[in-house]
Every structure is written in structure tokens, then in C-alpha cells.
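Here the structure is laid out as C-alpha cells; the discussion comes afterwards.
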Amino acid sequence: MNFPQGEVMKVKVEHDKYSQSSKQSYGFEIKKRCEYYADIHYKCRNCGKAAIYPALEQKKAYESRKEHICSTRVLCADCWSDKQALKKSLATFEEKYASNKEAALSDREFLERWLAKLNSYNHYTHKPNSMRVQFLRKHLRKFT
Numbered sequence: 001m002n003f004p005q006g007e008v009m010k011v012k013v014e015h016d017k018y019s020q021s022s023k024q025s026y027g028f029e030i031k032k033r034c035e036y037y038a039d040i041h042y043k044c045r046n047c048g049k050a051a052i053y054p055a056l057e058q059k060k061a062y063e064s065r066k067e068h069i070c071s072t073r074v075l076c077a078d079c080w081s082d083k084q085a086l087k088k089s090l091a092t093f094e095e096k097y098a099s100n101k102e103a104a105l106s107d108r109e110f111l112e113r114w115l116a117k118l119n120s121y122n123h124y125t126h127k128p129n130s131m132r133v134q135f136l137r138k139h140l141r142k143f144t
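Residue 81 in full-length UniProt numbering sits at position 81 of the sequence shown; the count goes up by one each step and never skips.
If you want it as C-alpha cells, here you go:
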């Protein structure tokens, strides 16, 4: 949908469709005063690019997918996609490690690739997995 410059699409809020945890939060008391979602303009926390969290996407997130109403976007679409790909890749590393720890810990290349992916992922999140980084570094030191 294209709107003329300056016009804003109004998207009606349906508070009863929020998740139970959202309805029980302090944020609900604030959000229930709003009748419409509005586009939220923000700067990507990773790359600094200007981005928009569209009103219609907010409605889908909070009312259909039941995301918590206090959650918001901090990454642009490109950075979010990159983060999701890294997350999927890291899950594969974790699965391989869990299936055969001894073999994984004796494979230097595997550990180096895992650490590189983890370091890349940590740039996208405010909760880096520092314990896993330390674990990998510890086991990589055995090869030097």
C-alpha cells in the first residue's frame, strides 16, 4: 500500500488479542490508552541505518504472533535477517557438539568456525554468549 507523502495509515488496536503475559504487564496499562498503532521510526542498533516498524507489522506481531507488547524493533530488516541466519547456524554447531562432544572438541577447524560465527552473532545482540566464547577459546588453546 502506498500512501501520499505525509499521510499516515491508521491501524486499529485490539487489546483483547494481546498475549496473556502482555495483558498482565505494566506496559498493558500504558498501551491500552492507544487506539491506533503508528509507524515507529528508529535507527538500527547494528548498522545505524534508518528503519521503520510499520503499524500493520506491529498489529501482526502483538495480536497474531502474540509477541510481548513491550518488545520493539532495534534491527533493520537486513540486520535482522543476518542475525536469524547466524542464529540458525549456531544451532547447527550446538547440535553437532551435543551429538559428539569428544569429536567436536578435537576438531580445531570446527571450533574456529563456531567461534567466528558466535563472535559475529554477538554484534547483533545485547546479550552476548560470553561463556560459550570462553569455552571455545579454552579448547582452542589446546591446539597451540
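For every residue, glycine included, the Cβ atom is placed at its ideal position computed from N, Cα and C.
{"Check": "For Lys66, three-class secondary structure by DSSP", "Outcome": "coil"}
{"Check": "Beta-ladder partner(s) of Ile30, from DSSP", "Outcome": "Ile30 pairs with nothing; no bridge assigned."}
{"Check": "One or two residues paired with His41 in a DSSP bridge", "Outcome": "Ile52"}
{"Check": "Bridge partners - Val11, DSSP secondary structure assignment", "Outcome": "Tyr37"}
{"Check": "Whole-Å CB distance - His68 paired with Ser21, under 8 Å assumed", "Outcome": "6 Å"}
{"Check": "Buried/exposed call for Cys79, threshold 16 Cβ in 10 Å", "Outcome": "buried"}
{"Check": "DSSP state of Thr92 mapped onto helix, strand, coil", "Outcome": "helix"}
{"Check": "Which of helix, strand or coil DSSP assigns to Gln134", "Outcome": "helix"}
{"Check": "Coarse secondary structure for His123, derived from DSSP in three states", "Outcome": "coil"}
{"Check": "Reduced DSSP category for Ser71 - H, G, I as helix; E, B as strand; rest coil", "Outcome": "coil"}
{"Check": "For Glu63, the nearest candidate out of Lys87, Lys12 and Arg137 (CA to CA)", "Outcome": "Lys12"}
{"Check": "Opening and closing residue of the alpha helix (DSSP H) in which Gln20 lies", "Outcome": "Gln20 to Lys23"}
{"Check": "Phe29 versus Pro54 - alpha carbon distance", "Outcome": "It is worth fixing the name first, because residue 29 is Glu in this sequence and not Phe. Roughly 22 Å between the two C-alpha positions."}
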